[in-house]
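Trainee:
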Amino acid sequence: MNYINKTLLPDEKVIYCSHPHWIIIFRSLMGLILIAGFLMIGGWLTLLLISLFSLLGLATCLSGLIVYYSSEFGITDKRVIMKSGLITRYAYENSLDRIEGIEISQSIMGRIFDYGSIRIRGVSGTNELFSAVCHPFRFRYKVLDEIERQKKTK
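UniProt numbering puts the first residue of the sequence shown at 1, with every later residue one more than the last.
1) Cβ atoms of Gly64 and Ile24: under 8 Å apart, would you say?
2) Specify, as a first and last residue, the run of the beta strand (DSSP E) that residue 158 falls within.
3) Nearest to Ile120 by CA position, among Glu93, Glu72, Leu52, is which residue?
4) Measure the C-alpha to C-alpha separation of Ile75 and Gly37 and round it to an integer number of angstroms.
5) Between Glu103 and His19, how many whole angstroms is the CB-CB distance? I'm expecting something under 8 Å.
6) DSSP has Lys83 in a bridge; who is on the other side?
7) Given this structure, state the Cα-to-Cα distance separating Ala91 from Lys83, to the nearest angstrom.
8) Let me make sure I understand the geometry here. Which of Leu48, Ser28, Glu128 has the alpha-carbon closest to that of Val67?
9) Could you give the DSSP three-state label for Val143: helix, strand or coil?
10) Rounded to the nearest angstrom, what separates Ile81 and Ile4 at their Cα positions?
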């Protein structure tokens with residue numbers, strides 16, 4: 001969680017950090033496994049098709065690895081921070097007192113493997129979606145718990 005630690009304000013502490021679910025890498029690896037299957041079948045596929053599928057599979061796998069290693073989701077005692085991207089970076093930060101709601105959506109696979117999309121609505125009309133977040137309900141709980149904790153201390 002390098003980005004989150006680098007952007008901490010004075011006297012700010014990290015409450016919770018997460019990252020994309022490993023399913024992102026698995027989806028990419030499935031492409032490579034399918035290509036390996038095509039290579040085993042051999043004969044009827046031309047070298048051009050095999051090369052094309054191999055390049056496509058490698059690009060997909062590389063893309064999944066980049067998303068996995070370049071995305072961070074964190075909660076501090078002052079704000080929610082989410083960052084994605086390696087070359088072009090997208091960062092979302094919102095103060096805890098400016099969060100209006102958090103929505104979670106999960107597919108069947110997401111429910112089985114505990115990942116999903118988180119949409120954070122801010123009071124200023126912001127509406128940010130982050131996909132394949134590991135343990136999305138735990139993330140939402142930590143945000144809401146920290147908001148309540150802050151309300152009690154005021």
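For glycine and all other residues, C-beta sits at the position ideal for the given N, C-alpha and C.
Mentor: Quick look at the numbers:
1) yes
2) Residue 158 lies beyond the range of the chain shown here (1 to 154); nothing can be said about it.
3) Glu93
4) 42 Å
5) 20 Å between Cβ atoms; not a contact.
6) Glu72, Ala91
7) 4 Å
8) Ser28
9) helix
10) 7 Å
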